[in-house]
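K.L.:
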Amino acid sequence: MSAIYTVSQVNQYIKALLDRDRELAALYVRGEISNYKAYPSGHHYFSLKDGEGAIRCVMFKREAISLRFRPENGMKVIAFGRVAVFPRDGQYQLYCSTLTPEGVGDLHLAFEQLKQKLYAEGLFDPAHKKPIPQYPRRIALITSSAGAAVRDMVRILGARWPMAEVFVLPVRVQGTEAPGELCAALAWANRHWVADLIITGRGGGSMEDLWAFNDENVARTIYHSDIPVISAVGHEPDVTIADFVADLRAATPSNAAELAVPDQNDVAVQLRQISGRMAQAMGRRLEAARRELDRASQCRALQNPMNYVDDKRMLLDYQREKLAAGLTASLSRERERFAALASKLDALSPLKVLGRGYAIPQKEDGGVVRSTTDVIPGDALRLRVADGEISCQVV
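The numbers in numbering that gives the first Met the number 0 rise by one with no breaks, and the one at position 118 of the sequence shown is 117.
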């Protein structure tokens with residue numbers, strides 16, 4: 000008996016089959032847009048159809064944000080993506096990564112293909128963009144020396160920031176030799192570090208005229224440049240691969256010159272404002288120091304240095320008198336204490352007892368006789384009285 004599968008298992012199996020098919024992993028599909036719908040999430044859903052069939056398509060937000068046109072029903076396009084199955088409903092569909100209006104020619108298709116390739120490699124990632132120097136000292140213009148674009152840039156740079164040194168690396172910006180010359184000039188500028196900033200570009204023209212800046216080698220050379228690069232190609236609507244890989248994209252060559260340097264007039268205003276704030280801050284500090292000096296000048300010690308010595312002398316006399324008084328009081332207390340102790344000691348003295356008529360019997364060894372049992376007949380004793388000793392014998 001044949002195995003029984005669930006619907007999900009069948010869908011997953013078909014999905015795996017399609018995912019393994021290399022032809023379906025990356026293919027171009029030509030067709031007419033129908034049932035187009037852009038959702039608030041940013042995802043685009045539509046179908047591509049021809050005279051005999053249709054295929055469902057989806058373009059997610061991360062790819063849709065790069066669209067340079069608005070898709071519409073009835074528009075003939077060429078979509079690039081992969082065919083896969085959505086397991087939930089078992090429908091296969093085309094997951095679009097790029098969408099190109101049909102009829103724009105091979106150049107546009109090549110442009111989209113290269114853009115997709117470099118994007119996948121991360122050459123457009125903002126994390127790789129180098130910061131543009133705020134006050135560049137040397138600027139290299141890699142462009143045609145005969146075009147109006149270079150004259151506009153030199154004029155604007157000179158008017159806005161004449162402190163910067165500007166020099167031109169002349170290259171062809173149109174024709175088959177242009178990409179090689181652009182790459183060579185960019186490489187030479189980096190090898191010798193001739194500038195803090197590079198501006199490369201040209202004036203407007205057709206897509207064919209601007210094609211040198213859609214060259215893959217030019218794009219990779221700009222990407223690998225250690226010197227920050229501003230791309231300034233054509234007019235504002237014109238977009239080239241160089242714009243995506245450059246550290247900053249300018250709408251026109253004139254706009255590039257404006258973005259490259261600050262306006263000296265604005266900087267002068269800022270410097271005046273900073274100078275004014277510094278002067279105010281210094282004035283406040285000086286005023287505080289002046290007040291402190293005034294307070295110090297009123298001090299007696301500074302008015303007459305001997306005042307300080309006299310004050311210390313008076314303090315010394317006061318301390319000496321206080322110390323002497325303290326010592327006198329302490330000595331008097333000790334004397335009184337000594338007299339009291341002497342009186343107590345005198346009252347307890349054996350001599351006082353002897354003065355009242357008593358005697359102290361002592362043996363020959365000096366021991367005091369306290370009991371009759373301490374002696375025997377015949378023992379020699381000494382009786383200590385108030386005015387001397389009496390020798391006697393026990394009978």
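The beta carbon of each residue, even a glycine, is placed where N, CA and C say it ideally should be.
Fair warning: this is a prediction, and the values are worked out from it, not measured in the lab.
Within the continuous alpha helix (DSSP H) that includes S65, where are the two ends?
P.N.:
Note, S65: premise wrong, no alpha helix (DSSP H); not H, not E.
K.L.:
Could you pull out every unbroken beta strand (DSSP E) segment of at least 3 residues lying fully inside the region 101-152, listed in chain order?
P.N.:
With a minimum length of 3 residues, the continuous beta strand (DSSP E) runs that stay inside the region 101-152 are 137-142.
K.L.:
Could you tell me whether the Cβ atoms of L156 and V170 are closer together than 8 Å?
P.N.:
Contact: no.
K.L.:
Are I240 and K114 closer than 8 Å when you measure CB to CB?
P.N.:
Going by C-beta atoms, I240 is nearer than 8 Å to K114.
K.L.:
Straight-line CA distance for A184 to L168?
P.N.:
When rounded, the distance between both Cα atoms is 7 Å.
K.L.:
On the three-state DSSP scale, how would you describe A177?
P.N.:
Correct three-state label for A177: helix.
K.L.:
Please identify the residue among Y35, D208, C56 and A63 whose C-alpha is closest to the C-alpha of G41.
P.N.:
Comparing Cα positions, the closest option is A63.
K.L.:
Would a check of beta-carbon distances place A358 closer than 8 Å to chain B?
P.N.:
Chain labels in this structure do not include chain B; a single protein chain is all it has.
K.L.:
For a quick check, are the C-beta atoms of L93 and V76 less than 8 Å apart?
P.N.:
In this structure, V76 does not lie closer than 8 Å to L93 by Cβ.
K.L.:
Give the single residue among W210, L209, V374 and Q361 whose Cα lies nearest to the Cα of V384.
P.N.:
That would be Q361, whose Cα lies nearest to the Cα of V384.
K.L.:
Beta strand (DSSP E) containing R29: first to last residue?
P.N.:
L26 to A37 is the span of the beta strand (DSSP E), which, as asked, contains R29.
K.L.:
Count the other C-beta atoms from every protein chain shown that fall within 10 angstroms of the C-beta of I389, then say buried if there are 16 or more, exposed otherwise.
P.N.:
The residue in question, I389, is exposed, as its Cβ has fewer than 16 Cβ neighbours within 10 Å.
K.L.:
List in chain order: all unbroken alpha helix (DSSP H) runs of 4+ residues lying wholly within the region 298-378.
P.N.:
You should have 299-302, 304-347 and 349-354.
K.L.:
If you follow the alpha helix (DSSP H) that P252 is in, where does it begin and where does it stop?
P.N.:
Unbroken alpha helix (DSSP H) run through P252: P252 to A259.
K.L.:
By DSSP's criteria, V76 is part of a beta bridge. Which residues make up the other side?
P.N.:
G30 and P100.
K.L.:
Does the beta-carbon of C95 have 16 or more other beta-carbons within 10 angstroms, so that it is buried, or is it exposed?
P.N.:
It counts as buried.
K.L.:
Could you name the residues that DSSP lists as bridge partners for Y91?
P.N.:
Answer by DSSP bridge pairing, in chain order: V84.
K.L.:
In the DSSP assignment, find the alpha helix (DSSP H) that holds E388 and state where it starts and stops.
P.N.:
Per DSSP, E388 belongs to no alpha helix (DSSP H); it is in the beta strand (DSSP E), G387 to Q392.
K.L.:
Contact between the region 247-265 and the region 145-163: three or more CB pairs below 8 Å?
P.N.:
Touching, yes, given that three or more Cβ pairs across the two stretches are closer than 8 Å.
K.L.:
Which residues does DSSP list as the beta-bridge partners of V232?
P.N.:
In the DSSP output, where bridge partners are listed per residue, V232 has R201.
K.L.:
Count the other CB atoms, across all protein chains shown, that sit within 10 Å of the CB of N10; report buried if there are 16 or more and exposed otherwise.
P.N.:
Burial call: buried.
K.L.:
In the DSSP assignment, the beta strand (DSSP E) including E164 goes from what residue to what residue?
P.N.:
E164 to P169 is the span of the beta strand (DSSP E), which, as asked, contains E164.
K.L.:
For the structure I just gave you, are there three or more beta carbon pairs, one from the region 278-291 and one from the region 185-204, closer than 8 Å?
P.N.:
As far as the Cβ criterion goes, the region 278-291 does not touch the region 185-204, which means the pair count is below three.
K.L.:
Label D237 either buried or exposed according to how many other C-beta atoms from any shown protein chain fall within 10 Å of its C-beta, with 16 as the threshold for buried.
P.N.:
Label assigned to D237: buried.
K.L.:
What are the start and end residues of the alpha helix (DSSP H) that includes Y4?
P.N.:
Run containing Y4: none; DSSP gives neither H nor E here.
K.L.:
Taking all protein chains shown into account, do 16 or more other C-beta atoms lie within 10 angstroms of the C-beta of E363, making it buried, or fewer, making it exposed?
P.N.:
Exposed: under 16 other Cβ atoms inside 10 Å.
K.L.:
Please go through the same chain and pick out, in chain order, the residues whose beta-carbon is closer than 6 Å to the beta-carbon of R137, but skip the five residues on each side of it.
P.N.:
So the qualifying residues of the chain are E164, A194 and D195.
K.L.:
Below 8 Å between beta carbons: does that hold for V172 and R219?
P.N.:
In this structure, R219 does not lie closer than 8 Å to V172 by Cβ.
K.L.:
Measuring alpha carbon to alpha carbon, tell me which residue in S342, Y35, T372 and M162 is nearest M74.
P.N.:
Among S342, Y35, T372 and M162, the Cα nearest to that of M74 is on Y35.
K.L.:
For the region 80-92 and the region 43-57, state whether three or more C-beta atom pairs, one from each stretch, are separated by less than 8 Å.
P.N.:
Output reads yes: the region 43-57 touches the region 80-92.
K.L.:
Evaluate V367 with the Cβ neighbour count: other Cβ atoms within 10 Å of its Cβ, from every protein chain shown; 16 or more gives buried, anything less gives exposed.
P.N.:
The residue is exposed, with fewer than 16 neighbouring Cβ atoms inside 10 Å.
K.L.:
Identify, in the order they occur along the chain, each residue of the same chain with its Cβ nearer than 6 Å to the Cβ of F110, setting aside the five sequence neighbours on each side.
P.N.:
The answer, listed in chain order, is N213.
K.L.:
On the criterion of 16 or more Cβ atoms from any shown chain inside 10 Å, does M152 qualify as buried, or is it exposed?
P.N.:
Its Cβ being crowded by 16 or more others within 10 Å, M152 is buried.
K.L.:
Taking the alpha-carbon positions, what's the Y134 to P227 distance?
P.N.:
Distance between the alpha carbons of Y134 and P227 is about 13 Å.
K.L.:
What does the Cβ neighbour count give for I223, buried or exposed, with the cut at 16 atoms within 10 Å?
P.N.:
Reading off the sequence shown, one finds His at residue 223, where the question assumed Ile. Exposed, because fewer than 16 other Cβ atoms sit within 10 Å of the Cβ of H223.
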